[in-house]
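Read through the structure below, which is laid out as structure tokens, and then see the notes.
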Amino acid sequence: MGNDGGSIPKRRELVKNAARAPTVSELKATALESLAHAWAHCALSGEPLDLDTVVSDWRGRLYNYEAILKRLDASLRDVAKLKVSKNGDKWVCPISMKELGPAVKAVYLVPCGHVFADVAMKEIQEQACPECGVEFSEDNIITIVAATEADKKKKKRKGDDLKEEEAKAAAKENGKSGKKEDSRISGINNSFAASLTAKVLAEQDERNKRRKLVAEAARG
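Oh and the sequence shown: position 65 is 65 in UniProt numbering, straight run, nothing missing.
The structure is reproduced here in structure tokens:
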């Protein structure tokens with residue numbers, strides 16, 4: 001080695017140029033960037049979120065209402081319409097007025113859908129929504145865009161419990177009314193999702209009925 005006109009790299013140069021693991025700061029920056037994207041874009045379509053029609057599932061993922069409708073059969077399950085306080089185009093907590101997003105943990109309440117900063121809700125003593133007064137339980141506080149595995153596991157347990165409770169309530173209500181539930185919405189446990197689906201399906205049935213009448217009139 002050497003004497004060939006080339007140079008031999010020193011050990012410190014090899015170490016310096018070797019691939020290195022990302023630093024803690026870089027990992028945090030990447031995680032924050034991922035959260036920022038989740039707060040600003042529909043998890044289904046990838047389009048920017050419309051704050052006037054945003055909905056969320058029990059995992060806290062955010063969707064545009066229109067994106068859910070486009071995938072009615074596959075995706076319109078267990079979603080809740082969110083009621084967001086805004087300052088311009090920013091989400092804000094109506095209690096603390098803090099801007100909500102990847103840097104501030106936020107939650108929403110079931111069944112009303114009002115959105116708050118998590119720290120603000122922890123200061124509330126009453127088990128009633130500060131905005132509308134609807135009562136809620138601890139299990140009905142859903143974290144938006146979970147950032148930790150602990151949050152995700154906790155939310156999974158809450159989601160399972162919530163779906164079971166809503167299914168029982170729906171079955172009880174159907175028994176009281178004596179009405180046979182439309183088979184097309186029988187698998188939807190969330191009350192908001194079920195009512196929304198029923199409305200859309202009713203509109204579709206009405207349009208189909210009109211088309212049939214027009215076709216029959218044309219043949220006559």
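The beta carbon of each residue, even a glycine, is placed where N, CA and C say it ideally should be.
Model, not experiment: these values are computed from the prediction.
DSSP state of residue i mapped onto helix, strand, coil
{"i": "residue 53", "result": "coil"}
{"i": "residue 109", "result": "strand"}
{"i": "residue 73", "result": "Residue placement at residue 73 is poorly supported in this model, since its pLDDT is 47, which falls under 50; the coordinates still yield a value, given next. Looking at residue 73 - three-state DSSP - the assignment turns out to be helix."}
{"i": "residue 33", "result": "helix"}
{"i": "residue 149", "result": "helix"}
{"i": "residue 66", "result": "helix"}
{"i": "residue 203", "result": "helix"}
{"i": "residue 171", "result": "helix"}
{"i": "residue 128", "result": "strand"}
Identity of the residues DSSP links to residue i by a beta bridge
{"i": "residue 136", "result": "Residue 136 is not bridged to any residue."}
{"i": "residue 91", "result": "86"}
{"i": "residue 80", "result": "56"}
{"i": "residue 46", "result": "Its beta-bridge partners do not exist; DSSP assigns none."}
{"i": "residue 99", "result": "92"}
{"i": "residue 226", "result": "What the structure shows of the chain is the stretch from 1 to 220, and residue 226 is not part of that stretch, so it cannot be assessed."}
Span of the alpha helix (DSSP H), counted from its first residue to its last, around residue i
{"i": "residue 120", "result": "118 to 121"}
Proximity below 9 Å, CB of residue i to CB of residue j
{"i": "residue 62", "j": "residue 82", "result": "yes"}
{"i": "residue 93", "j": "residue 103", "result": "no"}
{"i": "residue 110", "j": "residue 64", "result": "no"}
{"i": "residue 35", "j": "residue 101", "result": "yes"}
{"i": "residue 127", "j": "residue 137", "result": "yes"}
{"i": "residue 79", "j": "residue 96", "result": "no"}
{"i": "residue 205", "j": "residue 60", "result": "no"}
{"i": "residue 27", "j": "residue 39", "result": "no"}
{"i": "residue 129", "j": "residue 135", "result": "yes"}
Span of the beta strand (DSSP E), counted from its first residue to its last, around residue i
{"i": "residue 141", "result": "141 to 143"}
Below-9 Å beta-carbon distance, residue i vs any chain B residue
{"i": "residue 22", "result": "Reference to chain B is not applicable here, since this structure consists of a single protein chain."}
Item checked: Inter-stretch contact at 8 Å, needing at least 3 Cβ pairs: the segment 65 to 72 / the segment 86 to 102 -> By the Cβ rule, the segment 65 to 72 does not count as touching the segment 86 to 102, because fewer than three pairs are nearer than 8 Å.
Next item on the list: State whether the segment 134 to 147 contacts the segment 45 to 59, with contact taken as three or more CB pairs (one from each stretch) at a distance under 8 Å.
Entry: Touching, per the Cβ criterion.
Checklist line | Three or more C-beta pairs below 8 Å linking the segment 112 to 125 and the segment 34 to 53 | finding: Because the criterion of three Cβ pairs below 8 Å is not met, the segment 112 to 125 and the segment 34 to 53 do not touch.
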